[in-house]
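S.K.:
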Amino acid sequence: MKLEYISENDNIRLSEELKLHTTRKLYKSIKSLNLKVYVNGIERKTFEFINKGDVISIDYDIEKESSWPLYESSLDIYYEDMYYIIVNKRKGLLSIPTKAEPYSIYQEVLYYLKNKNEPLTISLLNRLDKETGGLMMIAKNRIAANLMQPTHKKMERFYICKTHGIWDIKEGTIDNYINKDINSNKRYIDTIGKRAISHYKVIKEDKDISYVLFHLDTGRTHQIRLHTSYMGHPILGDKLYGIDDGIEEMALLSVKIKFHHPFMDYDIEISLKENLYE
140 MKLEYISEND
150 NIRLSEELKL
160 HTTRKLYKSI
170 KSLNLKVYVN
180 GIERKTFEFI
190 NKGDVISIDY
200 DIEKESSWPL
210 YESSLDIYYE
220 DMYYIIVNKR
230 KGLLSIPTKA
240 EPYSIYQEVL
250 YYLKNKNEPL
260 TISLLNRLDK
270 ETGGLMMIAK
280 NRIAANLMQP
290 THKKMERFYI
300 CKTHGIWDIK
310 EGTIDNYINK
320 DINSNKRYID
330 TIGKRAISHY
340 KVIKEDKDIS
350 YVLFHLDTGR
360 THQIRLHTSY
370 MGHPILGDKL
380 YGIDDGIEEM
390 ALLSVKIKFH
400 HPFMDYDIEI
410 SLKENLYE
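Number 301 in our numbering belongs to position 162 of the sequence shown; there are no gaps in the numbering.
1. Alpha carbon to alpha carbon, how far is E211 from M221?
2. Comparing alpha-carbon positions, which option in I216, T367, L157 and R281 lies nearest E187?
3. Go to S410, then tell me how far its beta strand (DSSP E) extends in each direction, as first and last residue.
4. What residues match up with Y166 in a beta bridge as DSSP calls it?
5. Can we say the stretch 299-317 touches the stretch 349-364, given the rule of at least three CB pairs closer than 8 angstroms?
6. If the criterion is Cβ atoms closer than 8 angstroms, does the pair Y144 and L209 meet it?
7. Would you report the Cα separation of D215 and K228, rounded to the nearest angstrom?
8. Is there contact here, the stretch 353-369 with the stretch 327-335, by at least three beta-carbon pairs under 8 angstroms?
9. Thinking C-beta only, is Y327 closer than 8 angstroms to N318?
10. May I have the straight-line CA-CA distance separating E155 from K184, to the nearest angstrom?
11. CA-CA distance, T161 and D268?
12. Could you pull the start and end residues of the beta strand (DSSP E) that N227 belongs to?
13. For I225, I'd like the list of residues in its chain whose CB is within less than 8 angstroms of its CB, leaving aside the five on either flank, ordered along the chain.
14. Alpha carbon to alpha carbon, how far is Y369 from K167?
Have a look at this one:
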């Protein structure tokens with residue numbers, strides 16, 4: 140397998156560049172297995188310096204493929220290239236399998252790629268709750284995943300939800316900390332824990348219901364569900380953090396993904412066709 144990406148760093152040793160943009164396993168393999176690394180098509184040593192805009196290429200085939208059982212399904216694909224795939228996950232489907240529920244979008248993507256004779260080495264870049272539908276982005280290999288990690292700030296996620304009540308402040312930022320309840324699957328807002336930052340904007344109001352657009356800086360488990368509840372406006376149908384409103388389906392969708400493609404060096408924006416207004 141050969142992977143390529145464009146360096147964003149100027150006057151840096153190739154070894155340091157690789158540490159920034161590969162997994163630890165891949166970097167160790169580059170050294171121990173003497174994998175070939177190319178800069179602008181020319182084989183280079185890791186002690187040499189490179190510059191911003193140089194094209195880094197790595198020949199490797201060391202990733203372990205998934206051992207989870209595969210399930211046939213018709214994927215709703217919104218975008219695909221040799222590095223990434225964006226699909227529309229339906230509500231009620233897990234992002235990743237568990238022993239209790241071994242069926243997930245993860246295995247559906249694996250099945251699709253197996254039929255294309257592509258490696259089964261995917262990584263989910265944004266996980267959605269079982270009750271949440273919409274766009275999910277998946278990297279086809281670990282170096283592609285590493286280049287899209289939050290520290291690289293290349294991926295933006297947007298969600299729309301329907302919440303109870305009318306918000307007093309129509310636009311703002313929620314910045315606090317989330318902790319996990321050790322006795323359940325629930326999370327809670329705390330003064331310590333993992334920092335969670337959500338930007339929101341009320342885009343429509345209908346009687347006692349508000350339609351709210353969220354743009355996330357972080358991707359904590361249940362982040363939007365917790366933040367809406369924290370603001371006093373839980374999501375319709377949220378049985379974990381909301382109220383007993385009798386609504387069966389939670390009104391939360393992943394509606395847009397924007398990212399700068401690290402291999403092709405251009406911006407991509409993918410939007411969900413369906414919406415919560417209908």
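Glycine included, C-beta positions come from ideal geometry on N, C-alpha and C.
M.R.: The structure says:
1. Stepping through the sequence shown from its first residue, residue 211 is reached at position 72. Stepping through the sequence shown from its first residue, residue 221 is reached at position 82. Approximately 21 angstroms, taken between the alpha carbons.
2. Locating residue 187 in the sequence shown gives position 48, where the first residue counts as 1. Of the candidates I216, T367, L157 and R281, the one whose C-alpha sits nearest the C-alpha of E187 is L157.
3. The sequence position of residue 410 within the sequence shown is 271, counting from 1. From DSSP, the beta strand (DSSP E) with S410 extends over D406 to S410.
4. Position 27 of the sequence shown holds residue 166. Note: Y166 sits in no beta bridge, so no partner.
5. As far as the Cβ criterion goes, the stretch 299-317 touches the stretch 349-364, which means the pair count is three or higher.
6. The sequence position of residue 144 within the sequence shown is 5, counting from 1. The sequence position of residue 209 within the sequence shown is 70, counting from 1. Y144 is not a Cβ neighbour of L209, given a cutoff of 8 angstroms.
7. On the sequence shown, residue 215 is found 76 positions in, with the first residue counted as 1. On the sequence shown, residue 228 is found 89 positions in, with the first residue counted as 1. Distance between the alpha carbons of D215 and K228: 8 angstroms.
8. The stretch 353-369 is in contact with the stretch 327-335.
9. Counting from one through the sequence shown, the residue named residue 318 turns up at place 179. Counting from one through the sequence shown, the residue named residue 327 turns up at place 188. Contact: yes.
10. Taking the first residue of the sequence shown as position 1, residue 155 is located at position 16. Taking the first residue of the sequence shown as position 1, residue 184 is located at position 45. Going by the C-alpha atoms only, they are around 12 angstroms apart.
11. Reading the sequence shown from its first residue, position 22 is the one you call residue 161. Reading the sequence shown from its first residue, position 129 is the one you call residue 268. Rounded to the nearest angstrom, the two C-alpha atoms are 28 angstroms apart.
12. As a first step, residue 227 is located in the sequence shown; it is residue number 88 there, counting from the start. First-last of the beta strand (DSSP E) with N227: Y223 to K228.
13. Here residue 225 is taken as the residue at index 86 of the sequence shown, counted from 1. Contacts found: I216, Y217, Y218, E219, L274, M275, M276, I277, I396 and I409.
14. Residue 369 sits at position 230 when you count from the first residue of the sequence shown. Residue 167 sits at position 28 when you count from the first residue of the sequence shown. Rounded to the nearest angstrom, the two C-alpha atoms are 44 angstroms apart.
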